[in-house]
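**Student:**
In the numbering used here, the protein residues as written are 126 to 281.
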């Protein structure tokens, strides 16, 4: 009987010990946190503007290079060139020539609008900057090194 009583009391002690124990938590080291909010140029807006302006101006330079129309030389001027070319175009003489000239004028308007939108996007990227928030965790400790100067140590 003594063995049974000893075993029973040991089992009761083990169960009660496990039932009433708390969870152990390690101490966390506190760290300095620095949050910096900064304004930077809006790179997405700038790069999309470069793509739009570059594409439309590239098309203009190809037309200015290979066209026989004297007014198309104005397409070398970025943003204003399509509008100058549109104003300098002559009158058409026949139906087929007028249809082609109407198409050319629509393309010049589309080119001028594309270049203007691209230029506005580039400028807007600087006028309306993006907000950037950087959170740095850690601290920098400056340690004097005697006659050797000072040293810095970062703790994370």
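Glycine included, C-beta positions come from ideal geometry on N, C-alpha and C.
1. Let me know the secondary structure DSSP gives residue 256 once reduced to three states.
2. Just curious, the alpha helix (DSSP H) that residue 168 is in, first and last residue?
3. Determine the DSSP secondary structure at residue 269, reduced to helix, strand or coil.
4. Report the CB separation of residue 244 from residue 174 in whole angstroms; it is logged as a contact under 8 Å.
5. Span of the alpha helix (DSSP H) holding residue 210?
6. Output the distance between the C-alpha atoms of residue 186 and residue 236, rounded to the nearest integer angstrom.
7. Mind checking residue 197: buried by the 16 CB within 10 Å criterion, or exposed?
8. Which term fits residue 259, buried or exposed, when burial requires 16 or more other beta carbons within 10 angstroms of its beta carbon?
9. Does the distance from the CB of residue 181 to the CB of residue 246 come in under 8 Å?
10. Can you name the residues that DSSP bridges to residue 164?
11. Spatial neighbours of residue 211 within its chain, please: CB distance less than 8 Å, with the 5 preceding and 5 following residues excluded, ordered by chain position.
12. For residue 275, write down the residues that DSSP places opposite it in a beta bridge.
**Tutor:** The relevant details are as follows:
1. Residue 256 sits at position 131 when you count from the first residue of the chain shown. DSSP places residue 256 in strand when its eight states are reduced to three.
2. Locating residue 168 in the chain shown gives position 43, counting from the first residue. Start and end: 168–191.
3. Counted from its first residue, the chain shown places residue 269 at position 144. Strand, per DSSP.
4. Residue mapping note: residue 244 aligns to position 119 of the chain shown, counting from 1. Residue mapping note: residue 174 aligns to position 49 of the chain shown, counting from 1. Indeed they touch by this definition, with Cβ atoms about 7 Å apart.
5. Residue 210 sits at position 85 when you count from the first residue of the chain shown. Run containing residue 210: 206–213, per the alpha helix (DSSP H) assignment.
6. Taking the first residue of the chain shown as position 1, residue 186 is located at position 61. Taking the first residue of the chain shown as position 1, residue 236 is located at position 111. If I take the Cα positions, the gap works out to 11 Å.
7. Taking the chain shown and counting its residues from 1, one reaches residue 197 at position 72. Burial call: buried.
8. As a working note, residue 259 is residue 134 in the chain shown. With fewer than 16 other Cβ atoms within 10 Å, it is exposed.
9. Reading the chain shown from its first residue, position 56 is the one you call residue 181. Reading the chain shown from its first residue, position 121 is the one you call residue 246. For residue 181 and residue 246, no; Cβs fall outside 8 Å.
10. What you label residue 164 is simply residue 39 of the chain shown in a count that begins at 1. 256, per the DSSP bridge assignment.
11. Looking up residue 211 in the chain shown gives position 86. These residues qualify, in order along the chain: 230, 233, 234 and 237.
12. On the chain shown, position 150 is the one that residue 275 refers to. For residue 275, which the question treats as bridged, DSSP gives the partners 269.
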